[in-house]
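Counting from 1022, one number per residue, gives the positions in the sequence shown under this note's numbering.
C-beta atoms are modelled at their ideal positions from N, C-alpha and C, and glycine is treated no differently.
Comments concern the structure below.
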Amino acid sequence: MMLVPRKNDFDLFDNFFDDGFFPPKKERNLMKTDIRELKDKYVVDVDLPGYEKENIKLSVENGYLTISAKVDKKEDNEEHGKFVHRERFMSECSRSFYLGEDIKEEDIKAEFKNGILMIDIPKKEEAKKLNEPRHIEIK
């Protein structure tokens, strides 16, 4: 099993504007993610500040774990005042990681606390064996 981010390098329009002057689109919408490997599982921590647990979805399809989240902050009444400048009204993002075909949705555990999504992905027996020290006999 490998946890590899899915990349889409075929967007020529976005690549044209990645010249240092414009902030890269990928950095604006990217979910900051850390992946740690433990003896029996992988732990994925994803920063999602400002998102509610109900608006975060995890799915497994064709060996890919997809994390998607959205926020919609519509405050149009006079009680909240008139906006002069607004950047935070709606946001949607997603990321995918390849897990392999052996991992099923029921194997994955997730928790959302203080703006951080923590996902535990168990290793299959084959992956656990690869991490054990192996001794090679010299003949």
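By the Cβ test, the segment 1101-1108 is not in contact with the segment 1051-1061, since fewer than three Cβ pairs between them sit closer than 8 Å. A distance of 8 Å or more separates the beta carbons of V1065 and I1124.
At the C-beta level, V1067 and I1137 come within 8 Å of one another. Linking C1114 to E1082 through their CA atoms gives a straight-line distance of about 18 Å.
A check of alpha carbon separations from T1087 across M1052, K1144, N1135 and K1134 identifies M1052 as the nearest. The three-state secondary structure of D1061, taken from DSSP, is coil.
Here L1079 is bridged, per DSSP, to I1088.
In the assembly as shown, K1144 is a buried residue. Its beta-carbon has 16 or more other beta-carbons within 10 Å.
Minimum Cα-Cα distance from F1118 among the listed residues D1061, S1089, K1074 and K1060 corresponds to S1089.
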